[in-house]
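**Student:** Sending over a structure as structure tokens; questions will come in a sec.
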Amino acid sequence: MINTADQLEASGYDVHAKPNQLHRIIPDQMSHPDSRTVGGERVGLKALQLMGLAELLLELGLSQQQINTARLLVIGRMHSQGSERYTHQWMCEESSIVELLGCNQPSLSSFYRCTDRLHARHTIISKRLLSNTNS
Numbered sequence: 310m311i312n313t314a315d316q317l318e319a320s321g322y323d324v325h326a327k328p329n330q331l332h333r334i335i336p337d338q339m340s341h342p343d344s345r346t347v348g349g350e351r352v353g354l355k356a357l358q359l360m361g362l363a364e365l366l367l368e369l370g371l372s373q374q375q376i377n378t379a380r381l382l383v384i385g386r387m388h389s390q391g392s393e394r395y396t397h398q399w400m401c402e403e404s405s406i407v408e409l410l411g412c413n414q415p416s417l418s419s420f421y422r423c424t425d426r427l428h429a430r431h432t433i434i435s436k437r438l439l440s441n442t443n444s
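What follows is the structure, given as structure tokens:
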């Protein structure tokens, strides 16, 4: 993957030259067609790590793929509340959560299946996560 500085140099722009008024970057006038959020996702992942969610879900028999889907759902709800469909759209169009987790983007139907699995175990998950935060 080629970075922006390399692209500028390849087009003849001297990235090491002293900037003048013609080379000044104006942040308000910059845009990127595929920008993604990252801050809230990182905070949410750290919170889930501190509470031991992944370890708990592993103990409850979920696969690594299901655990990643669960984390995607929880982070999505923390960051931008909505239905599974809305969370899936947020994940696909706005968030960098999939890249942060280093996993494949799950389908909408896997979100629904994961929600059902989590709901079936919600009592034990809630009790364990609350006990983890009181330690």
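The sequence shown begins at 310 in my numbering and counts up by one. A virtual CB, placed ideally from N, CA and C, is assigned to each residue, including glycine. All values derive from a computational prediction rather than experimental measurement.
Measure from the alpha carbon of Val347 to the alpha carbon of each residue in Asp315, Leu381, Ala363, then state which is nearest.
**Tutor:** As a working mapping, residue 347 is identified with position 38 in the sequence shown. Taking only the C-alpha atoms, the option nearest Val347 is Leu381.
**Student:** When the Cα of Arg351 is compared with those of Leu365, Gln316, Met387, which residue comes out closest?
**Tutor:** Sequence index remark: in the sequence shown, residue 351 carries index 42 (1-based). Per the Cα distances, Met387.
**Student:** For the alpha helix (DSSP H) containing Gln414, list its first residue and its last residue.
**Tutor:** Mapped onto the sequence shown, residue 414 falls at position 105. Segment: none, Gln414 is in no alpha helix (DSSP H) and carries neither H nor E.
**Student:** Please state if the CB of Leu409 and the CB of Leu354 are separated by a distance shorter than 8 angstroms.
**Tutor:** As a working note, residue 354 is residue 45 in the sequence shown. As a working note, residue 409 is residue 100 in the sequence shown. Going by C-beta atoms, Leu354 is nearer than 8 angstroms to Leu409.
**Student:** Could you tell me the alpha carbon to alpha carbon distance between Ile376 and Gln390, rounded to whole angstroms?
**Tutor:** Here residue 376 is taken as the residue at index 67 of the sequence shown, counted from 1. Here residue 390 is taken as the residue at index 81 of the sequence shown, counted from 1. Taking the straight line joining both Cα atoms gives about 19 angstroms.
**Student:** Do Glu393 and Phe420 count as a contact pair if the criterion is CB distance below 8 angstroms?
**Tutor:** Reading the sequence shown from its first residue, position 111 is the one you call residue 420. Reading the sequence shown from its first residue, position 84 is the one you call residue 393. A contact, by the Cβ cut-off of 8 angstroms.
**Student:** Measure the Cβ-Cβ separation of Leu371 and Ala379 and say whether it is below 8 angstroms.
**Tutor:** Along the sequence shown, read from residue 1 onward, the residue named residue 371 stands at position 62. Along the sequence shown, read from residue 1 onward, the residue named residue 379 stands at position 70. Yes; because the gap between Cβ atoms is below 8 angstroms, this pair is in contact.
**Student:** Which of helix, strand or coil does DSSP assign to Ser372?
**Tutor:** Against the sequence shown, residue 372 aligns to sequence position 63. Of the three classes helix, strand and coil, the one that applies to Ser372 here is coil, per DSSP.
**Student:** DSSP three-state call for Ser404: helix, strand or coil?
**Tutor:** As a working mapping, residue 404 is identified with position 95 in the sequence shown. Note: Ser404 maps to strand in three-state DSSP.
**Student:** Taking just the CA atoms, how far does Cys412 sit from Ile434?
**Tutor:** On the sequence shown, residue 434 is found 125 positions in, with the first residue counted as 1. On the sequence shown, residue 412 is found 103 positions in, with the first residue counted as 1. Approximately 23 angstroms, taken between the alpha carbons.
**Student:** Taking the alpha carbon of Arg345 as the reference point, which residue from Trp399, Met360, Leu359, Gly321 has its own alpha carbon closest?
**Tutor:** Numbered from 1 along the sequence shown, position 36 holds the residue referred to as residue 345. Out of Trp399, Met360, Leu359, Gly321, Trp399 has the C-alpha closest to the C-alpha of Arg345.
**Student:** DSSP has Thr447 in a bridge; who is on the other side?
**Tutor:** The displayed coordinates of the chain run from 310 to 444. Any statement about residue 447 would go beyond what the structure contains.
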